[in-house]
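Scroll down for the structure; my scribbles are underneath it.
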């Protein structure tokens, strides 16, 4: 009768196009409706979330409106397939309206009581209301995933065994398809949940890093206030550092700009671990004290290490006391081995140290500081960075001047004239 | 014989419910729009009306208002795919006798129709 292998092959071909496996169920329903002369063919599919069965497709002249009807998990038809109505139906088998009606006619012979009769009537009523003759369960590992509902043959004959066994094959394919669809939905749902969790973790991590960065900044402020009361000036110098980078034509878009700013702000955070007796010492440091003083670089690196987003910042801080000629510390890097950002921090830091007043000294005049930078270009400092820094300072003299007034109010008129 | 009017803009649904209730010895007529529903109600004065909420043109809520104004005795059961409570609440406020959401259980629908009829007596 039906060339099922051929039909399956065609179905498999079209399956490639089916991202949604439910479409294959529709194909099965349509295939039956087309190939077998039935009043209708329909498919009820289990919805595990809402615990009910609904029609996903119906074809033929007496088809069922698909979005209209549901049957719940405890419907007598479902229960009879689940083997809970053994008196009139042996579980997983195909259910024929004709058999049920015969049974009702021969109640005594079949040892049915009133309760059985009520249940059979309910199943019959439902099957009749959906104009069906045969209901074929779609089982997958004992789970009733759907029911293939078939109307009457238009020639009014009964179904042959061959036909029924063919429909059973289709039903078992349908069950697999439904399971497949469930797995897919589950997978999509799990994926969604996973992505949600990932986003949450990312958000928390970002927040944590942000918090840590804020702590770092307060630490850095603490350090500044320890040996320097010119934080307003320091902020201006940070800006100068940024402008120097601009003068050098560095790419400061996005994270790169943030990295430089963070490095300019945090480079001396390690000084928090240096005793005040050394940090605030008025006289020259002894050789032993210098060893301790130089540790502020490594200490800063240690403090910043937990900030995984700040690897580049940490590297800049590690290098901000390296000299262009290789005579700096801690590693004695030279020239281009030193990140250009570290070379900028180095110039900014030295400049700031020279012009700032400390508890033990007045700040040097601007002219002196600039001379020092130029004299040490190519030795302590990267020559191009010194040039760029001086250009940036000249271009922004007005802003710088204001910051000095607001910062430590120790501006020499001479400083302005010097540039 | 009890008279039932099924109102739904989907012809398939009208036909299906007509067959279902005729099998259960109702006299059933159908309407595919709110406008048609009001005409048939004037003409036939059914005992129970199954009324879809979402229809183009005159929708179920408007039909309900009109029915309850003219014939407060007609029992109206709203049948709707809309699960948003606002529309349902509105319908109940206007005087719908009950509501049932699609997909529906045929057994429950039948029981509810009989229930409404017994309330009439």
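Chains as they are written, first to last, in the working numbering: chain L, -2 to 416; chain D, 0 to 120.
Cβ coordinates follow ideal geometry from the N, Cα and C atoms, glycine included.
Since the model is a prediction, treat every value here as computed from it, not as a measurement.
Fill in: Interface residues of the stretch 250 to 266 of chain L facing chain D [CB-CB below 8 Å]
none
Worksheet item: Under 8 Å between the Cβ atoms of residue 126 (chain L) and residue 22 (chain D)?
Response: yes
Discussion item. Please report whether the beta-carbon of residue 71 (chain D) lies at a distance below 8 Å from any beta-carbon of chain L.
Written reply: no
Practice prompt. Compare the C-beta of residue 37 (chain L) against all C-beta atoms of chain D and say whether one is closer than 8 Å.
Written response: no
Item to complete: Starting from the C-beta of residue 293 (chain L), find all residues in its chain whose C-beta is less than 8 Å away, skip the five residues before and the five after it, and write them out in chain order.
Response: 265, 267, 268, 270 and 271
Discussion item. I'd like the list of long-range same chain contacts for residue 361 (chain L), defined as Cβ closer than 7 Å, with 5 residues on each side in sequence excluded.
Written reply: 351 and 352
Worksheet entry | C-beta contact flag for residue 298 (chain L) and residue 314 (chain L) at 8 Å | yes
Discussion item. Less than 6 Å between C-beta atoms, sequence neighbours within five positions excluded: which residues of the same chain meet that for residue 329 (chain L)?
Written reply: 323
Practice prompt. Could you spell out where the alpha helix (DSSP H) holding residue 96 (chain D) opens and where it closes?
Written response: It is not in any alpha helix (DSSP H) - residue 96 (chain D) carries neither H nor E in the DSSP assignment.
Practice prompt. Let me know if residue 51 (chain D) comes out buried or exposed under the rule of 16 or more other beta-carbons within 10 Å of its beta-carbon.
Written response: buried
Worksheet item: Quick one: complete beta strand (DSSP E) runs, 3+ long, within the stretch 334 to 359 of chain L?
Response: none
Discussion item. Counting only Cβ-Cβ distances shorter than 7 Å, please list the residues of the stretch 58 to 86 of chain L near chain D, keeping chain order.
Written reply: 61, 62, 64, 65, 66, 67, 68 and 69
Item to complete: With a 10 Å radius around its C-beta and 16 neighbouring C-beta atoms as the bar for buried, classify residue 279 (chain L) as buried or exposed.
Response: exposed
Worksheet item: So residue 8 (chain D) packs on residue 54 (chain D), CB below 8 Å; how close in whole Å?
Response: 4 Å
Worksheet entry | Neighbourhood of residue 257 (chain L) by C-beta, 6 Å cutoff - its chain only, sequence neighbours within 5 removed | 242 and 338
Item to complete: Report the residue from L:110, L:219 and L:130 whose alpha carbon sits nearest the alpha carbon of residue 154 (chain L).
Response: L:130
Practice prompt. Could you tell me whether the Cβ of residue 51 (chain L) comes closer than 8 Å to any Cβ of chain D?
Written response: yes
Item to complete: Less than 8 Å between the CB atoms is what I'm expecting for residue 2 (chain D) and residue 43 (chain D), so what's the real figure, rounded?
Response: 6 Å
Discussion item. Please report whether the beta-carbon of residue 35 (chain D) lies at a distance below 8 Å from any beta-carbon of chain L.
Written reply: no
Worksheet item: Cβ atoms of residue 263 (chain L) and residue 213 (chain L): under 8 Å apart, would you say?
Response: yes
Fill in: Proximal residues of chain L, C-beta to C-beta of residue 89 (chain D) below 9 Å
In chain order: nothing, as chain L lies at least about 22 Å away.
Worksheet item: Exposed or buried, which one is residue 58 (chain L) when buried takes at least 16 other CB atoms within 10 Å?
Response: exposed
Worksheet item: With which residues is residue 73 (chain D) paired in a DSSP beta bridge?
Response: According to DSSP, which records beta bridges pairwise, residue 73 (chain D) is partnered with nothing at all.
Discussion item. Buried or exposed, going by whether 16 or more other CB atoms sit within 10 Å of the CB of residue 128 (chain L)?
Written reply: buried
Item to complete: At 4 residues or longer, and completely inside the stretch 249 to 281 of chain L: list those alpha helix (DSSP H) runs for me, N to C.
Response: 252 to 263 and 273 to 276
Worksheet item: Could one say the Cβ of residue 126 (chain L) lies closer than 8 Å to chain D's Cβ atoms, at least one of them?
Response: yes
Worksheet item: Taking Cβ positions only, does residue 19 (chain D) come closer than 8 Å to chain L?
Response: yes
Worksheet item: Considering only C-alpha positions, which residue in the set L:198, L:239 and L:109 is nearest to residue 259 (chain L)?
Response: L:239
Practice prompt. Give the straight-line distance between the Cα atoms of residue 0 (chain D) and residue 99 (chain D), rounded to the nearest whole angstrom.
Written response: 24 Å
Worksheet item: Apart from the five residues just before and just after residue 60 (chain L), which ones in its own chain have a Cβ nearer than 6 Å to its Cβ?
Response: 37
Worksheet item: Taking only beta-carbon atoms, is residue 80 (chain D) less than 8 Å away from chain L?
Response: yes
Practice prompt. Look at the alpha carbon of residue 364 (chain L) and the alpha carbon of residue 390 (chain L), and state the distance between them as a whole number of angstroms.
Written response: 12 Å
Worksheet item: Is the stretch 202 to 219 of chain L in contact with the stretch 162 to 170 of chain L, if contact means three or more CB pairs nearer than 8 Å?
Response: no
Worksheet item: Cβ of residue 33 (chain D) versus every heavy atom of the ligand SAM: is any distance shorter than 7 Å?
Response: This structure does not include the ligand SAM; it has no bound ligands of any sort.
Discussion item. Checking 8 Å against the spacing of the C-beta atoms, do residue 80 (chain D) and residue 138 (chain L) come in under that value?
Written reply: no
Discussion item. Tell me the residue span of the alpha helix (DSSP H) that contains residue 316 (chain L).
Written reply: Segment: none, residue 316 (chain L) is in no alpha helix (DSSP H) and carries neither H nor E.
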